[in-house]
Amino acid sequence: MAVTSWPKSTFAMLLRGQTHRWGCEDWGLALQLESARSHVEHIAQPLEAAGHRVRAVLTLDRGCGNSSYLSLAEEYARAATHRRPVLAQLVPPSRHQAENVRAALDLYLQKGSPERDDYMILLRYDLTLLASITRWALHPARVHVASRCEPWAWRTYNCSNDLLFVVPRALLGAFNASVGVNLDAAKHAAQPKAWQHRAFRCCFHAQCIVHGSGHGCLNVLARHPAVGGVHSVGLLFRPPHTPAGLRVGDVLVHPAYRVASCRQLPADRKAAHRSRAVCAFLSNVSLVEAALGVRLARATVGGVCAARPAAAGCDAAALRSAALSAAETASWERAVSSCARRCRGCCRFVSVSLRARECRLLAHCDLSRVHDASDGYRSASVESVNEWARALTARVE
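Counting from 1 along the sequence shown, just add 370 to a position and that's the residue number in the working numbering.
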């Protein structure tokens, strides 16, 4: 049954994780606001259009000053015909995911009036949704995890994706009791080097793999009497596709969502950025490939195309320089794609700069003789950009 056909209900979006994970520069703020807008567009607005009520609970563990908190709260509160209720509160910065999830749940349970809600949606700040909640595989009486993990991880220990949970009020107690649990803690104490004891039945506990993750939450939830087994836990999306050779840290591309990644960091800012620990593994990869990804790095060349007169019959006015927005320059993928979409008519080549926020559209360019530019331009033929885009799309189909 589609959520649009459910009895009129109240949904609470509970946000957890690092706020402003990618920092306080314009592009970092733009990334955070883009994710927030996707939550409103793909959760709040479709639910409200179906007659449901929606509110937001924001757990703020770090940020960029009061103005950043206010801007974030405003994104969740703004609605076409009303002000959406928002509860936002600062909490101490967390050392790992387990602490942050517990802080979020405690805020919701103690101050968020959960008795008013029929459903709680727990999701990360850096999760950008691409599919409406009307397309999720929801069942009104089940607790849901986002999806299975990649096939190898699912086969190994029933690994589940911990980006997103949907919990009906009747199972909120079971969910709360499952968070912070490692059912194999005794085995871990006896065999501390056996990673399985920190994964298989570990749900947002400090001992869980990947900094206290929730990849074992499905197994813990399934053992709770109120839930009733693995097959009683719903899966919202199909598993993410991970082709052979995909490096850790590449953008996680999925038809229903994407998450912020190291490839969205401008190459010259990695060393000083708060996410440097996340990206430390990229130290042996070239900065260009780390920021662009291998496919896009190969589709473009470093430098800017020299301007040349338009070919006969071409409309010279169509060949121009266009400004890119902060959101469009949040990643190389977005900037190159946005620039290529502007390239029409006689336009055959583009030159893009994140630093200058510029998109140059040209009819001619000798890519073997581009000019060096201090603003870090990358140039490409539109044909090669389209080939890159088709290859990227093929990864998620």
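C-beta: ideal position from N, C-alpha, C; glycine also.
Since this is a predicted model, take the numbers as computed values, not measurements.
Whole-angstrom C-beta distance between residue j and residue i, which should lie under 8 angstroms
i	j	result
A692	C729	4 angstroms
A544	V597	6 angstroms
R628	L500	7 angstroms
R494	L533	6 angstroms
R539	Y478	Wrong, their Cβ atoms sit about 12 angstroms apart, outside the cutoff.
F607	A667	Between A667 and F607 the Cβ distance is about 29 angstroms, and since that is not below 8 angstroms, they are no contact.
C573	V590	4 angstroms
S803	H422	The structure shown does not extend to residue 803, since the chain is modelled only from 371 to 767, so the question has no answer here.
I503	L403	That pair is no contact at about 20 angstroms.
S738	A669	With a Cβ gap of about 15 angstroms, S738 and A669 do not count as contacting.
A556	Y527	Incorrect: roughly 17 angstroms between the Cβ atoms, too far for contact.
DSSP state of residue i mapped onto helix, strand, coil
i	result
Y495	coil
G604	strand
G672	strand
A458	strand
H558	helix
Y627	strand
N528	coil
R727	coil
F574	coil
V597	coil
R386	strand
T451	coil
P521	helix
H409	helix
P377	coil
R714	coil
L475	helix
P538	strand
S749	strand
T794	Nothing can be reported for residue 794: it is not among the residues displayed for the chain, which extend from 371 to 767.
L591	helix
L403	helix
S691	strand
L737	helix
L428	strand
L732	strand
Environment of residue i [buried if 16+ CB atoms lie within 10 Å]
i	result
D742	exposed
L652	Summary for L652: the model assigns pLDDT 33, below 50, so the residue's position carries little reliability; its value from the coordinates is reported in the next sentence. Buried.
K391	First, the amino acid is wrong: residue 391 is Arg here, not Lys. Label assigned to R391: buried.
F381	buried
A660	Caution applies to A660, whose pLDDT of 39 falls short of 50 and renders its modelled position unreliable; the model cannot decide the point.
Q480	exposed
C394	exposed
N654	With a pLDDT of only 31 at N654, under 50, the local geometry of the prediction cannot be trusted, and the value read off the model is given with reservation. Under this definition N654 is an exposed residue.
W702	buried
W506	buried
A626	buried
A450	exposed
Chain-order list of residues whose beta-carbon lies under 8 angstroms from that of residue i (same chain, five-residue window excluded)
i	result
A614	Any reading at A614 must be qualified, since the residue scores a pLDDT of 41, below 50, and its modelled position is unreliable; no value is offered.
V752	A710, C713, C717, R718, F719 and V720
C587	V515, S530, D532, F535, S548, V549, C573 and F574
E520	C529, P609, P610 and T612
N546	L475 and L479
Cβ-based neighbour list, residue i, same chain, cut-off 6 angstroms, excluding 5 preceding and 5 following
i	result
A474	L384, R386 and T429
G604	H509, R512 and H514
S408	T498 and L499
W376	P510
V537	M490, V513 and F545
S645	Residue placement at S645 is poorly supported in this model, since its pLDDT is 45, which falls under 50; the coordinates still yield a value, given next. Correct list: empty, nothing qualifies.
W524	R518
Proximal residues to residue i (C-beta, below 7 angstroms), its chain only, five neighbours per side dropped
i	result
C675	F719, S721, R730, L732, C735, V740 and S749
A696	D396, W397 and A400
S464	D431, N470 and A473
G433	T389, H390 and Y439
V551	C573, H575 and V590
A705	L694, E698, T699, V722 and L724
W565	I579
V410	E445 and Y446
G673	V740, H741, D742, A743, Y747 and S749
L541	V513, A596 and V597
D487	T380, F381, A382 and R539
The ligand NAP heavy atom lying under 6 angstroms from the CB of residue i
i	result
A705	The ligand content of the structure shown is nil, which means the ligand NAP is not present either.
Contact under 7 angstroms by Cβ, residue i with residue j
i	j	result
H575	D554	no
P455	R425	yes
H594	Q467	no
A447	T374	no
E445	A414	no
V427	L457	yes
G599	A592	yes
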